[in-house]
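A.B. asks: Below is one structure. I have some questions about it.
In the numbering used here, the protein residues as written are 55 to 220.
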């Protein structure tokens, strides 16, 4: 399954950053285009402008939901913007990822969510991308590696090193 055309916006609270960092990496190695603030917002950038740009370019909005996220004003603003887009465009997917027992906002309770409480970011990535099996996930990663033109070399005592040939 090709995932290079998938564009995923990750909305979360900073207290959940370690989980989201692993999730962003798992999504990216399949070729998905991931909007993750840590990778996208640079020193000197206007945070509202960059977030607004990201919110206008996704086809999947992943709301990483936790007790911390439920208290976050930024998460609330991003969620409201995504819900507004989602209501007007049925091609957009809005997927809550629950990390704990924090109750989802009422408007999202009818949506099937992903249970991320086991902290398995690989499984969450698979579900966000609609990849059915671990084998299909590995094939998506391999396809991304093959198309990226990376060279792999194994060095005794060091391990595998990856480099771009150019």
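In this text, a Cβ means the ideal position worked out from N, Cα and C, and glycines have one as well.
Which value, in whole angstroms, describes the spacing of the CA atoms of residue 173 and residue 65?
C.D. replies: 16 Å
A.B. asks: Have a look at residue 177 and residue 87 and give me their C-alpha separation to the nearest angstrom.
C.D. replies: 18 Å
A.B. asks: Roughly how many angstroms lie between the CA atoms of residue 13 and residue 169, to the nearest whole one?
C.D. replies: Here the chain covers residues 55 to 220 and nothing more, so residue 13 does not appear.
A.B. asks: Using the C-alpha atoms, what's the distance from residue 142 back to residue 73?
C.D. replies: 30 Å
A.B. asks: Would you call the CB atoms of residue 105 and residue 132 closer than 8 Å?
C.D. replies: yes
A.B. asks: Taking the alpha-carbon of residue 110 as reference, which of 120, 195, 138, 96 has the nearest alpha-carbon?
C.D. replies: Comparing alpha carbon positions, the residue from 120, 195, 138, 96 closest to residue 110 is 138.
A.B. asks: If the criterion is Cβ atoms closer than 8 Å, does the pair residue 70 and residue 116 meet it?
C.D. replies: No, they are not a contact pair.
A.B. asks: So residue 153 and residue 171 are in contact, right, with Cβ under 8 Å, and what is the actual spacing, rounded?
C.D. replies: 6 Å
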